[in-house]
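Undergrad:
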Ligand code: ADP
Ligand code: TRP
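Residue numbers (this note's numbering): -2 to 317.
1) Cβ-heavy atom distance between residue 186 and ligand 1 below 7 Å?
2) Who does residue 72 pair with in a DSSP beta bridge?
3) Which residue comes first and which comes last in the alpha helix (DSSP H) that contains residue 137?
4) Are the beta-carbon atoms belonging to residue 62 and residue 286 less than 8 Å from one another?
5) What are the boundary residues of the alpha helix (DSSP H) that residue 340 is part of?
6) Could you check what DSSP says for residue 241 in three-state terms: helix, strand or coil?
7) Can you give me the start and stop residues for the alpha helix (DSSP H) that residue 144 sits inside?
8) Identify every run of the alpha helix (DSSP H) within the stretch 87 to 126, keeping only runs that are complete inside it and at least 4 residues long; order them along the chain.
9) Can you list, in chain order, the residues of its chain whose CB lies under 6 Å from that of residue 15, leaving out five sequence neighbours each side?
10) Please list the terminal residues of the continuous beta strand (DSSP E) segment that includes residue 1.
11) Please report the residue range of the alpha helix (DSSP H) in which residue 53 lies.
12) Just how far apart, CA to CA, sit residue 38 and residue 151?
13) I'd like to check one pair, residue 221 with residue 252: are the Cβ atoms closer than 8 Å?
14) Name the one or two DSSP bridge partners that residue 196 has.
15) Could you tell me the boundaries of the alpha helix (DSSP H) in which residue 170 lies?
16) Any chance the CB of residue 146 is under 7 Å from a heavy atom of ligand 1?
17) Determine the contact status of residue 42 and residue 97, defining contact as a CB-CB distance below 8 Å.
18) Measure the beta-carbon distance from residue 133 to residue 155 and round it to whole angstroms, keeping in mind my assumption that it falls under 8 Å.
19) Rounded to a whole number of angstroms, what is the C-alpha to C-alpha distance between residue 173 and residue 281?
20) Helix, strand or coil for residue 210 per DSSP?
21) For residue 22, report the span of its alpha helix (DSSP H) as first-last.
This is the structure we're talking about:
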């Protein structure tokens, strides 16, 4: 089965991103044909600086390779390195009713948040459709906020197919219900925009400092602690199997340790979880040529598929 994931590069990754999006993605590459790209044309719609866009694109490449995207299993590239997607985007625009785009929640939300309304932001879903349809994608794993975009892709593809025959594969979305929302240091959903994240690749000292800020109850030292509904416990348990969780529950109940001990414990758990990823990240950071080669190789594989598809599409509509 062919699966496509698009990554919006927007800065430092946090533990919510890791458990909510990255870890499930890495697991998919074992039994599927996984295509993953960094959506820098999409990021351009909300970019405020060329330097940042370049930096975020590079960082996303390194982060995803570090966390386990295996270029031998997964086709991994940067969106703008496969320019065929732009041609397809224009052709698909002809099959995209204005009303469909006008109903897009994501566009309305972004404008409401103060992002200037421009054509790229408005036609964002058509480019996303081009990403997906260009590669005959079967399934697209997305967060809930992206479901409507996949539905729009299906509409556009169906409209095209009704006119020209069975040219596009109609994709389906996968939304994982099991992935719980990870809470931040203040107990709300962990998110960059709330400033409550624990980033994956923090320095050791900064990581401990961030763990120390986790909000807990004010039960005094020496009394048993309640693990249920405790942010700190919930964060620790992400890194623990069943036995580990039971053991931690006992430590909470014993009354011999305070939250300070568990904050140290959480820091150790996070630090240990990413030992290998940190080493790989340092390696790729020191070897930008290797990263560039991996991305170029991915782009050339994706491009071969895209070119063939585009030729079929252009022939169908009369451009060839
Ligand atoms: P942020 O809210 O920090 O800006 P993004 O919106 O860039 O994060 O999220 C990127 C991916 O990470 C999405 O697929 C989203 O589902 C996942 N994700 C982000 N925050 C969390 C969280 N707190 N819990 C679970 N998954 C998350
Ligand atoms: N819009 C997606 C997001 O914000 C990123 C994306 C761009 C994407 N093109 C895609 C996701 C194609 C899946 C398939 O997360």
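Glycine residues also receive a C-beta, built at the ideal position from the N, C-alpha and C atoms.
TA: Put simply:
1) Yes, the beta carbon of residue 186 sits closer than 7 Å to at least one heavy atom of ligand 1.
2) 32
3) No alpha helix (DSSP H) contains residue 137, which is instead part of the beta strand (DSSP E) from 136 to 138.
4) no
5) With the chain covering -2 to 317 only, the question about residue 340 has no answer from this structure.
6) In this structure, residue 241 counts as helix in the three-state DSSP scheme.
7) 144 to 161
8) 95 to 99, 102 to 109
9) 197
10) -1 to 4
11) Residues 47 to 64.
12) 21 Å
13) yes
14) 11
15) Residue 170 -> not in any alpha helix (DSSP H); beta strand (DSSP E) instead, spanning 169 to 171.
16) Result no, Cβ not under 7 Å from ligand 1.
17) no
18) Rounded, the Cβ-Cβ distance is 15 Å, inconsistent with contact.
19) 30 Å
20) If DSSP states are grouped into helix, strand and coil, residue 210 belongs with coil.
21) It spans 20 to 25 - the alpha helix (DSSP H) in which residue 22 sits, taken as one unbroken run.
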